[in-house]
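Presented below is the structure to which this report refers.
Protein chains in written order, with the working numbering: chain A, 36 to 103; chain B, 29 to 171.
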């Protein structure tokens with residue numbers, strides 16, 4: 036499996052584990068750096084951590100039908 | 029160059045690099061390839077996560093229109109990039125392509141866990157092809 040495939044897989048696992056939170060993951064190590072329901076508070080933590088190469092993501096609500 | 033991305037589920041979503049043009053800091057975020065969107069946009073509440081402040085005096089606000097009516101958007105200096113899905117490794121993330129466009133909108137009413145990668149960015153590519161079923165598929169981008 037490619038790195039990209041692994042990244043997608045790890046993100047999906049993390050979204051299952053933290054279904055209501057925004058998740059910040061290190062894109063190199065796949066380690067969860069921070070999680071939280073409040074995006075503003077999480078952004079402040081992220082600024083303090085100064086962590087390079089992070090993926091910021093959240094599980095979309097599976098009950099929402101999106102028309103964009 | 030051909031870049032192929034798998035996507036799980038119903039939505040053609042890829043992980044895109046977001047570079048803060050002002051600081052050079054890089055983040056990654058999920059984006060839906062949305063051919064119906066004229067402009068690339070992100071949920072406004074994520075601006076701070078990418079080092080931007082929607083309420084800074086120099087930030088220009090504008091309106092955009094969609095299914096939910098009109099909404100306020102904040103324009104920020106970010107450049108999008110595509111991860112090389114083959115050459116990238118955990119130790120070395122290779123960015124295969126960077127957008128010429130250095131701005132994106134952060135929309136107040138966009139409330140989902142991903143951004144919309146619109147035609148302003150996709151028009152910089154040679155082509156984009158979607159294939160797959162409801163359980164997932166792949167996106168091929170030619171640049």
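Think of the CB as a built atom: it goes at the ideal place given N, C-alpha and C, for glycine as much as any other residue.
Fewer than three beta-carbon pairs drawn from the segment 113-121 of chain B and the segment 138-157 of chain B are found closer than 8 Å, and the two stretches are therefore not classed as touching. Of all alpha-carbon atoms in B:160, B:125, B:137, B:118, the one lying nearest the alpha-carbon of residue 170 of chain B is that of B:125. Three or more beta-carbon pairs separated by less than 8 Å are not found between the segment 41-55 of chain A and the segment 126-134 of chain B, which leaves the two stretches without contact. Between residue 95 of chain B and residue 68 of chain B, the C-beta gap is not smaller than 8 Å, which leaves the two residues out of contact. Among the residues of chain B, none has a CB under 7 Å from the CB of residue 68 of chain A; the nearest is roughly 12 Å distant.
Interface annotation, residue 84 of chain A: not in contact with chain B, CB-CB separation never under 8 Å. Under the criterion of beta carbons closer than 8 Å, residue 97 of chain A and residue 142 of chain B do not qualify as touching, at roughly 13 Å. Along the segment 39-63 of chain B, the positions whose C-beta sits under 8 Å from a C-beta of chain A are 39, 43, 53, 54, 55, 56, 57, 58, 60, 62, read in chain order. If you ignore the 5 residues before and after residue 100 of chain B, its C-beta comes within less than 6 Å of the C-beta of 89, 136, all in its own chain and listed in chain order. A Cβ-Cβ separation of about 7 Å places residue 156 of chain B in contact with residue 61 of chain B under the 8 Å criterion. Distance from the CA of residue 58 of chain A to the CA of residue 29 of chain B, rounded to the nearest whole angstrom, comes to 32 Å.
Flagged as an interface residue toward chain A: residue 114 of chain B, by a C-beta distance shorter than 8 Å.
Scanning its chain for C-beta atoms nearer than 7 Å, with the 5 sequence neighbours on each side dropped, one finds around residue 154 of chain B the residues 170, 171, in chain order. Following the DSSP letters along the chain, one finds residue 48 of chain B in no alpha helix (DSSP H) but inside the beta strand (DSSP E) bounded by residues 41-48.
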